[in-house]
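Numbering (my numbering), first residue to last: 645 to 1440.
Yeah, the Cβ is synthetic: ideal placement off N, Cα and C, and Gly gets one too.
A quick write-up on the structure given underneath.
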């Protein structure tokens, strides 16, 4: 838009310069020399006379003109006028000056022709030719009053003064008319170039239409003033340019209907103008088969009818405060007036004027200037509409953003509440199952126990999967690498899917290549969730008697774990390959009813694999089965061969770990304590964070199991208080055991000072690992400290 502004400034400079030129020419023209208008004393022959010599003096067809300008009607083949020239007028060099509208004329003095052709240039004393588009006839010197006859070849009506001028007046006339013509032409040319630049900047076809119409106006102006002589254009070349004029009504109709936005105002009107354009185009095609007068009459009729019909629609748009329509009216009405005045003058209805040749070019210059303003106003309107639309879009986007944030908060609160309310009873169920696992059960009770355990495990996985998927959608999945054993992961998954595979039945096999390290550094829990979803899908879609194979390997020369999960299910059609990674989609319709599930398995697994820095893809698929590939990078674990004997044997000193259980739910608190008792750990229980802080300030503990969402004081605040105030437990391991499974909440727990984070339900095996890793390690550290203190006392 900056370029458009600079070009607009250049346009104003050109127009201002043109007006200065016009003002200078008008000032120069005031320095008149000798000039006398013969027209008022001349007569016109209104009869028919086709001879090469003037009509007889006493013929009755001679009639006085009695006007400053001679206006003729078209007669075939000639129009004659006559008058008197005084000998005193030819003492000095004199010229007869006619309008350029009279482009073909011959002058006779006392019956003798003085020149076959008029001059189109001046030869001042310096002998430098000055091009001039008026007709100039040099008058011979005469000794007495002489008769002057002028023969006009009037193919169309003409209005011209007949002036006798000296050299000074001739030059003044040349300066005035040339300056006026150049000014009008330069304004139109500048407007044309300006809007051409606008077209290349904005790429709106209406500006190109303007350019073509403006070029037509320029050519028409040149044709009326013979200004093409200054440009060095020959008559033959200019005739080619004038061919553009026959398209002017067609182009003008299209341009005007667009600038007035008639397509929006009244579509039927726009269709009418299109039909009118087609009629005019048909007329142009039929031109070779019609006479010139017929084509001119029909073309003028169609054009004038269209031009006049634009005015009421422009008024309607202007009343609607549409600024371009107002500029259109201000520019269009003077053009219509100029065309009609010119036509009425040529028909003799009104008196003629020597300025008639400038009516239409001047009106067209004014029209094109106002049209240019209309287009500029249109740009402003479009810019304002764009800005308004952008503001509305921003407002809508802001409202949508706030609504989305509000929805996300509601969703997060809902999911946290649902997670807590589901995981808490699941934790109770899992705890009771762990307690019953070693109870003496008969066969029927044992089968029921296995089914309940499998259902509980599946429910726990599904709840966790939904919450993990929500975190994946919000890109909140963060990997927490730690050391784990890939083979142990395979053993755990084999145990979990054993009952489901037997029930179908499906052959389920796991295999780990020797190239995979025994221990690796990565987020084993997240990888477990990935493989769980893939194996669950494979078992679900594999028909009875089929096979599911899980193979683990290491990519050559790379610390990348590659796991393939293959099944003998129906395969994935090519058209559905992308859908299987979309949420809530299961490929073909009806699969949900046939196989169950909500379609989160593969999308969730893919998101989890990406969070691990790996990827998942469909390796191959056919009617006989599918193979999915998961590749995830891992860090190598460098094990030290040095073993601390204190960590293997406590000698004669045997200390049992002491664990504080902080849990507001009485059932869960009781189950945790029974599980710990079964492991061989001494435990105490409290029901909120405030009691936990008091217990931690009163005595040391080897591990604290901390629930998070509790009354009075939650687990996060209690952890902060313990880390600040409980001197005996500043570095005691605190393990979050919570029903809130979101990644953001896990980070809050770790930032508060907790050492680990576990979600409910907490299985017995997981609890055993926590006690071994944290509580027993804490005991070993305390024993070492006690031995060090004892040894120092003995030495002293």
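- For residue 1079, the three-state secondary structure derived from DSSP is helix.
- Taking a contact to require three or more Cβ pairs closer than 8 Å, the segment 1408-1419 and the segment 1338-1355 qualify as touching.
- Taking the C-beta atoms as reference points, residue 976 is found no nearer than 8 Å to residue 959.
- Three or more Cβ pairs closer than 8 Å define a contact, and the segment 1245-1263 meets that threshold against the segment 1170-1187.
- Under the DSSP assignment, residue 1126 falls in the beta strand (DSSP E) whose first and last residues are 1126-1128.
- The three-state reading of DSSP puts residue 750 in strand, counting E and B together.
- For the set 1368, 1378, 1374, the Cα lying nearest the Cα of residue 1352 is the one of 1378.
- For residue 708, the secondary structure class from DSSP, reduced to helix, strand or coil, is strand.
- For residue 836, the uninterrupted alpha helix (DSSP H) run begins and ends at 811-846, by DSSP.
- If you check the CB distance, residue 1426 and residue 1397 do not come in under 8 Å.
- Beta bridge pairing from DSSP links residue 739 with 782, 809.
- Counting along the chain, residue 895 sits inside the alpha helix (DSSP H) bounded by residues 892-903.
- With a threshold of 16 other beta carbon atoms within 10 Å, residue 1328 falls short and is exposed.
- Under DSSP, the beta-bridge partners assigned to residue 1306 are 1330, 1350.
- Counting C-beta atoms within 10 angstroms of its own C-beta, residue 844 has fewer than 16 neighbours from the protein chains shown and is therefore classed as exposed.
- Pairing residue 778 with residue 821 gives a Cβ-Cβ distance under 8 Å.
- Comparing alpha-carbon positions, the option among 1312, 1400, 986 lying closest to residue 1169 turns out to be 1400.
- Residue 1085 sits in coil when the DSSP states are folded into three classes, being neither helix nor strand.
- Here residue 701 carries a coil assignment [DSSP, helix/strand/coil].
- The beta-bridge partner set that DSSP reports for residue 994 is empty.
- Rounded to whole angstroms, the gap between the alpha carbons of residue 1413 and residue 1391 is 22 Å.
- Straight across, the Cα-Cα distance linking residue 1320 with residue 1326 is about 7 Å.
- Secondary structure at residue 910: coil, using DSSP grouped into helix, strand and coil.
- Put simply, of 1404, 1274, 1268 the residue whose alpha carbon is nearest the alpha carbon of residue 1260 is 1274.
- Within the model, the alpha-carbon separation for residue 970 versus residue 691 is close to 49 Å.
- DSSP places residue 682 in the coil class of the three-state scheme, outside both helix and strand.
- In the DSSP assignment, residue 1156 is bridged to 1196.
- For residue 1182, there is no enclosing beta strand (DSSP E); the residue is found in the alpha helix (DSSP H) stretching over 1168-1185.
- Residue pairing for residue 1165: DSSP places it in a beta bridge opposite 1127, 1279.
- Taking the C-beta atoms as reference points, residue 1193 is found no nearer than 8 Å to residue 1144.
- In this structure, the beta-carbon distance from residue 920 to residue 943 does not fall below 8 Å.
- Linking residue 789 to residue 807 through their CA atoms gives a straight-line distance of about 16 Å.
- If you look at residue 1264, you'll find it in the beta strand (DSSP E) that goes 1259-1266.
- Between residue 1070 and residue 1318 the beta-carbon gap is near 17 Å, outside 8 Å, which marks them as no contact.
- Residue burial annotation: residue 993 is exposed, with fewer than 16 other C-beta atoms found within 10 angstroms of its C-beta.
- Counting C-beta atoms within 10 angstroms of its own C-beta, residue 697 has fewer than 16 neighbours from the protein chains shown and is therefore classed as exposed.
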